[in-house]
Structure formats: C-alpha cells, structure tokens
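S.K.: Could you have a look at this structure, given as structure tokens, before my questions?
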Amino acid sequence: MAMDMRTCEAELALVNQDFGDRHWQTRTVHLERYEQIRAELGLENRLRETRKALIGAYFCHEYSYAAAALMNPSVVPHPDQSGLTGGAVRIILSLRAVGEGHISSIGFREGIVTPDGAVKLISEPPIAMAAHLCDPPPGGVNQGPVTACRYEAASISGTVIFPFTQAQRNGLEDLRLVLFRPDDGPPVYYGTYTAYSGSSIASEMLRTTDFRNFDLLPMSGTAARNKGMALFPRKVGGQYAMIGRQDGENIWYLKSDDLLEWDGGEKILTPKFPWELVQLGNCGSPIEIDEGWLLLTHGVGAMRKYSIGAVLLDKEHPTRVLGRMQAPLISPSDENREGYVPNVVYTCGALALGRRLFLPYAVADSSIAFCSVSIDELVRELV
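The C-terminal position of the sequence shown is numbered 384 in my numbering, with every residue numbered one higher than the one before it.
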C-alpha cells in the first residue's frame, strides 16, 4: 500500500513478463485474488486496478498439482458424442492428482475410445486453471455445499478442482464418476469422493450435467463417514443404491430414499481368496450388463499388494452374489511395481462399450494405464 505508483507499475510489469505467457487471463486471476484478500483483511476498494492486481499477485503462486502422484481414474461417456463414427465413444476421465503438501485435487482428461478398446487422449494444455467458486459467500467458505465453475477459457482437460471447504482442505480423493439415469428427466453425472480435512474424512457427492459447473455436496448418515462409496447408475427397487466399505475390510450394499443421506447397510462380500485377504473394496460404480451388475473390486494381499478383481451381483437383488473371480484380473507386475506407492493397481470406475469393458487404472500411484477386456470372457471367469 505504501509503494509509489511508478514502482507498482514496474513490479507488475515484471510479474507479467515472467508469467503472462504461462497462464490464461493472468490479470483476471490477480484481481479476483485481490478481492478475496480485501474481504479478509478489510482493505479499501478505492485503489487503481494496477495496485489491486499487484496485491493479488503477491498472494498467488503456481502449483504443480500432479507433481507428486497421479492415480485412481474413473471414466464416463462425454456429454458431447457428436461427429463420431464407427462405434467410437468420446469419454471423460477423472483423475486424482497429488501435489506439494500431499494435497489431492480432481483433474480431467478427454479422449476417444474405439470399439476394440484403443484409446486416444486429447492433448492436455500446458497450464491448467483451477475451477473457481460460483457466487462465493461474503464471509468465505467453511462448510458445503459449494458450486465450482470452469473458466470459459479452460477446456475440461485443462480444469482442476481444488478443495474449497474446511472438510476438504487437505484433499478431494478418489472420485468415482457415474452417468446416472433417473426415472424421469435427463441423465446427470454424479461422483462420490472422500473429503479429507487433514485429520478426518467424510464422503461427499459431486454433481454436474455439463462439466462446466460442479456442485460439491456433503453427505450425511452413519455410512457417509467411510471411504469407497460408489453409486449405482440408476435406482434399484425404487431407491438409490450404493456400494460401500463400511468397516475398511468388507463390501456392503446400501440403499436410501435421499441421495445425500446414507445409513446402515448390508454386508455382501468378505475377503475369501488369498489375493484379497487383508481388505476388499469396490473399484467404482457397478456396471449394468445383461447378466447382472458387474462390480470391479480391489483386494489387498500379502506385502500390501493391491489387485483388481470382479464380482457379479443379481440385477434385481444386488445383495445376492452370483459369482466372483478366484484370481485377480489385474495385478502389479515386475515392470510396474515401483512408484509413489509401490505394488498397487487401482481404478475408480470402468465403462462397458457393448460387450467390451474399458478399464483405466493407476499403476503405483504414478501413472495411468488402460485395459480392454471381453465381458463374455470375464463373466466366464466368475465362479
């Protein structure tokens, strides 16, 4: 505030010289940041725009959101399927990214998958933009719900959602996206994720129709205090249905009349085979196929080795298990054991494309790989 105007202009010019070519709408971001600081510190608003922008710049910094780890993808059909031929499907991947300070955020990648499972990702922009709060409350954000908005200049692949509330301040973890089809009305994208405050966890729900505005909604109830919840893509028996991991060891079936309130549950799967004896959990929302609900699972075995398997649940009564894999579908191999967390393969959701399963998965929390599996062959492996 005491800086003379000539120095102020020179310092802002230096900031723009260093960072103007690295970001979109740098001045807009700096001015938005100034407004946040002004509200928190009670600064006067009768300042020249140059001084406001420089103050905003002093309270900004770049953040490499995936510098430490990249992991746990889920996948859904893109809302725009125009212009595709030959059975190809445009997709959106969600990714858990971890940067400095072990802060988890949600990133996205767009791509196209062909019927044989080949995938081509759209080029990622060199710099991402953090989604911003739509209509932030004057007193700041302490609790949800909140709505995050993608900047007009940012693509989906160039957008990252960072924590906003106190419950989320250390991370948004393991988004499990699903395209939900209600009994009436257009489809909606939902995604359960874990909000981590640094000392406690809670389950929350992301909701969007267009991947431009994202509602981040806290969930309540005894079952919402646990990780690994995954929503069925439609109601079952007239109620919303979830797969959960209530006790950190087994898989549970949950049902509710309220999308944001979850209590109780029924245990339907316990560790049985050697590759899953330590822990069993879901790997995303159940996938509806002709034979029933195909549920991908993760199992933890000796030496904390994470593998991916599958089970089949009855379509009308999902508490009834029709079959499960005795051996894992995907396990860490010698060439992909090392990484941020070694000996782990993990996914937060797959997609059925006809009778093929397209499955993105994380390798050692350091990279993302892709797998295409015949559903017919997979079902035959279930006993």
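The C-beta atom is built at its ideal place from N, Cα and C for all residues, glycine as well. In this text, all values refer to a predicted model and were calculated from it rather than measured experimentally.
Would you mind working out which of 233, 12, 252, 213 sits nearest residue 227, comparing C-alpha positions?
M.R.: Your numbering for residue 227 matches position 226 in the sequence shown. It is 252 whose Cα lies nearest to the Cα of residue 227.
S.K.: Taking the alpha helix (DSSP H) that residue 56 belongs to, which residues open and close that run?
M.R.: Along the sequence shown, one-based indexing puts residue 56 at 55. 50 to 59 is the extent of the alpha helix (DSSP H) around residue 56.
S.K.: Can you tell which of 174, 207, 249, 182 has its C-alpha closest to the C-alpha of residue 100?
M.R.: Residue numbering aside, residue 100 sits at position 99 when the sequence shown is read from its first letter. Selected option, being the one with the closest Cα: 174.
S.K.: For residue 280, which three-state DSSP category applies?
M.R.: For the purposes of this step, residue 280 is identified with residue 279 of the sequence shown, where counting begins at 1. In this structure, residue 280 counts as strand in the three-state DSSP scheme.
S.K.: Based on DSSP bridge pairs, tell me the residues matched to residue 110.
M.R.: Taking the sequence shown and counting its residues from 1, the one referred to as residue 110 is at position 109. In DSSP, residue 110 forms a bridge with 94.
S.K.: Quick one, which of 72, 94, 301, 105 has its alpha-carbon nearest residue 64's?
M.R.: Looking up residue 64 in the sequence shown gives position 63. Looking at the Cα atoms, 105 is the closest of the given residues.
S.K.: Do three or more CB pairs link the stretch 358 to 377 to the stretch 324 to 339 at distances below 8 Å?
M.R.: Yes, the stretch 358 to 377 is in contact with the stretch 324 to 339.
S.K.: Does the distance from the CB of residue 16 to the CB of residue 24 come in under 8 Å?
M.R.: As a first step, residue 16 is located in the sequence shown; it is residue number 15 there, counting from the start. As a first step, residue 24 is located in the sequence shown; it is residue number 23 there, counting from the start. Not a contact, by the Cβ cut-off of 8 Å.
S.K.: Between the C-alpha atoms of residue 313 and residue 205, what's the straight-line distance to the nearest angstrom?
M.R.: Within the sequence shown, residue 313 is the residue found at index 312, counting from 1. Within the sequence shown, residue 205 is the residue found at index 204, counting from 1. Cα to Cα, residue 313 sits roughly 26 Å from residue 205.
S.K.: With the cut-off set at 8 Å, would you say residue 172 and residue 95 are in Cβ contact?
M.R.: The sequence position of residue 172 within the sequence shown is 171, counting from 1. The sequence position of residue 95 within the sequence shown is 94, counting from 1. It is not a contact, given that the beta carbons lie outside the stated cut-off.
S.K.: The alpha helix (DSSP H) spanning residue 9 covers which residue range?
M.R.: Within the sequence shown, residue 9 is the residue found at index 8, counting from 1. Residue 9 -> alpha helix (DSSP H) spans 6 to 20.
S.K.: Based on Cα-Cα distance, which residue from 6, 166, 79 lies nearest to residue 212?
M.R.: Here residue 212 refers to the residue found at position 211 when the sequence shown is read from its first residue. That would be 79, whose Cα lies nearest to the Cα of residue 212.
S.K.: Counting C-beta neighbours from all protein chains within 10 Å, is the total for residue 45 16 or more, i.e. buried, or is it exposed?
M.R.: Here the question's residue 45 lines up with position 44 in the sequence shown. The residue in question, residue 45, is exposed, as its Cβ has fewer than 16 Cβ neighbours within 10 Å.
S.K.: Just curious, the beta strand (DSSP E) that residue 29 is in, first and last residue?
M.R.: Working through the sequence shown from its first residue, we reach residue 29 at position 28. No beta strand (DSSP E) contains residue 29, which is instead part of the alpha helix (DSSP H) from 27 to 42.
S.K.: Between which two residues does the beta strand (DSSP E) carrying residue 76 extend?
M.R.: Your numbering for residue 76 matches position 75 in the sequence shown. 70 to 78 is the extent of the beta strand (DSSP E) around residue 76.
S.K.: Please confirm if the stretch 49 to 56 is in contact with the stretch 74 to 89, defined as three or more CB-CB distances below 8 Å between the two stretches.
M.R.: The answer is no - the stretch 74 to 89 does not touch the stretch 49 to 56, with fewer than three Cβ pairs under 8 Å.
S.K.: What's the gap between the Cα of residue 277 and the Cα of residue 303?
M.R.: To locate residue 277, count along the sequence shown from 1; it is residue 276. To locate residue 303, count along the sequence shown from 1; it is residue 302. Between residue 277 and residue 303, the C-alpha separation is close to 9 Å.
S.K.: What span of residues does the alpha helix (DSSP H) with residue 387 cover, start to end?
M.R.: Not covered by the structure: residue 387. The range shown for the chain is 2 to 384.
S.K.: Which stretch, first to last residue, makes up the alpha helix (DSSP H) that contains residue 378?
M.R.: Counting from one through the sequence shown, the residue named residue 378 turns up at place 377. 376 to 381 is the extent of the alpha helix (DSSP H) around residue 378.
S.K.: Output the distance between the C-alpha atoms of residue 282 and residue 73, rounded to the nearest integer angstrom.
M.R.: Your numbering for residue 282 matches position 281 in the sequence shown. Your numbering for residue 73 matches position 72 in the sequence shown. When rounded, the distance between both Cα atoms is 14 Å.
S.K.: Determine which residues share a DSSP beta bridge with residue 149 and list them.
M.R.: Sequence index remark: in the sequence shown, residue 149 carries index 148 (1-based). Answer is 134, 215, bridged to residue 149.
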